[in-house]
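S.K.: First residue of the sequence shown: 480, per the working numbering; consecutive thereafter.
For each residue, glycine too, the CB sits at the ideal point set by N, CA and C.
Once you've had a glance at the structure underneath, I'll fire off some questions.
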Amino acid sequence: MEESARGSIDVSLVVVVHGGGASNISADRKERVREGITRAATEGYNILKAGGSAVDAVEGAVIVLENDPEFNAGCGSVLNVKGDIEMDASIMDGKDLSAGAVSAVRCIENPIKLARLVMEKTPHCFLTGHGAEKFAADMGIPEIPVEKLITERSKKHLEKEKLEKGAEKTDCPKNLGTVGAVALDCRGNLAYATSTGGIVNKMVGRVGDSPCIGAGGYADNNLGAVSTTGHGESILKANLARLALFHVEQELVEGVFSGLPGKKVVVFEKRVVLAMLSILFYRPFPGQGLLYQRRC
480 MEESARGSID
490 VSLVVVVHGG
500 GASNISADRK
510 ERVREGITRA
520 ATEGYNILKA
530 GGSAVDAVEG
540 AVIVLENDPE
550 FNAGCGSVLN
560 VKGDIEMDAS
570 IMDGKDLSAG
580 AVSAVRCIEN
590 PIKLARLVME
600 KTPHCFLTGH
610 GAEKFAADMG
620 IPEIPVEKLI
630 TERSKKHLEK
640 EKLEKGAEKT
650 DCPKNLGTVG
660 AVALDCRGNL
670 AYATSTGGIV
680 NKMVGRVGDS
690 PCIGAGGYAD
700 NNLGAVSTTG
710 HGESILKANL
720 ARLALFHVEQ
730 ELVEGVFSGL
740 PGKKVVVFEK
750 RVVLAMLSIL
760 FYRPFPGQGL
770 LYQRRC
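If you want it as structure tokens, here you go:
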């Protein structure tokens, strides 16, 4: 599966997928998380390879992760202080800066699908709570029982956090499972998508960075694409995604434009993934990053 950078690689297609910034992932989950991220990256890349857009690719990759209970998005989302789910998501097309986001949605299987509909079917960028759910119904997205999205692991996680004083009383929670993807398609268009259940034991109605354009992600064909993960309040204060691209724009990222045709870059957290080198990027947990390159 892993190929040399000198191999026959379609350098015009890039998809970068992350499964969050959890710092204490258990040993028994590592392989399942690795498999989930690999499936998501493969889905996104296959969409690009079939001629799909960057928006199609990031949505497709994130849907895979939302459907996987190992991740804190969609099914498997963490629970708030009341033991309920409130999910956030956003997506952006770097071609024209169109964007869509939803927050505090409960009975939606794939919030990223709803975020894309906000982008494409409304004059707005952001819908929240009951308004977002009504829009979902209007668009034909079925409402599902919230119980289908709540896992036993999420319940145990909430119990543990309550015993340990919880996320709402700590400055930087350790389990940050936001998922996201960025992509570059064959037409040179960039996109990002980010989806999350937030932080465990959060206050009802809390919204973090993930659905906020410029914080949870950003995409601009002239600059790059970013999907962030981490402590939402800190990311919001810095408007981190747009800030990262500001530094790219100012050429402050060391060596970012060195030998790169067209100055096309995809930024992932503090890394810059060069289109000339990468097809699939996999980062299952902090301290490890594996670059997978597939032959076409």
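If contacts are defined as beta-carbon pairs under 8 Å, then ASN559 and LYS639 qualify, I think. What distance do you get, rounded to the angstrom?
M.R.: With a Cβ gap of about 15 Å, ASN559 and LYS639 do not count as contacting.
S.K.: Who are the near neighbours of ILE526 in its chain, counting only those whose CB is closer than 6 Å to its CB and skipping five residues on each side?
M.R.: Same-chain partners within the cutoff: ASP535, ALA536, GLY539.
S.K.: Measure how close the beta-carbons of ALA662 and ALA552 come, nearest whole angstrom, since I'm counting them as under 8 Å.
M.R.: At roughly 17 Å, the Cβ-Cβ gap does not stay under 8 Å, so ALA662 and ALA552 are not in contact.
S.K.: Name the one or two DSSP bridge partners that LEU669 has.
M.R.: LEU663
S.K.: Inspect the beta-carbon positions of THR630 and HIS497 and report whether they are closer than 8 Å.
M.R.: no
S.K.: Tell me whether the beta-carbon of MET598 lies closer than 8 Å to the beta-carbon of GLY573.
M.R.: No, the pair does not count as a contact, with Cβ atoms beyond the cut-off.
S.K.: Would the region 579-593 count as touching the region 515-529 if we require 3 or more Cβ pairs under 8 Å?
M.R.: Three or more beta-carbon pairs separated by less than 8 Å are not found between the region 579-593 and the region 515-529, which leaves the two stretches without contact.
S.K.: To which residues of the same chain is SER491 closer than 6 Å at the C-beta, ignoring the five residues directly before and after it?
M.R.: Closer than 6 Å at Cβ, skipping near neighbours: CYS665.
S.K.: Using 10 angstroms around the beta-carbon of GLU514, count the other beta-carbons present and answer buried if the total reaches 16, otherwise exposed.
M.R.: exposed
S.K.: On the three-state DSSP scale, how would you describe LEU596?
M.R.: Of the three classes helix, strand and coil, the one that applies to LEU596 here is helix, per DSSP.
S.K.: Could you give the DSSP three-state label for VAL494: helix, strand or coil?
M.R.: strand
S.K.: Evaluate ARG632 with the Cβ neighbour count: other Cβ atoms within 10 Å of its Cβ, from every protein chain shown; 16 or more gives buried, anything less gives exposed.
M.R.: A residue is called buried when at least 16 other Cβ atoms come within 10 angstroms of its Cβ; ARG632 does not meet this threshold and is exposed.
S.K.: Could you tell me which uninterrupted alpha helix (DSSP H) segments, each at least 4 residues in length, are contained entirely in the region 551-625, listed from first to last along the chain?
M.R.: 590-600, 608-617
S.K.: Distance check for ALA720 and ASP545, CA to CA, integer angstroms please.
M.R.: Sequence inspection shows Glu at residue 545; the Asp mentioned does not correspond to that position. Spanning the two alpha carbons is a distance of roughly 21 Å.
S.K.: Would you please state the rounded distance, in angstroms, between the beta carbons of GLY693 and ASN718? I believe it to be under 8 Å.
M.R.: 5 Å
S.K.: Report the residue from GLU626, PRO590, ILE623 whose alpha carbon sits nearest the alpha carbon of ALA611.
M.R.: Cα-wise, what sits closest to ALA611 is PRO590.
S.K.: DSSP beta-bridge partners for SER532?
M.R.: Its beta-bridge partners do not exist; DSSP assigns none.
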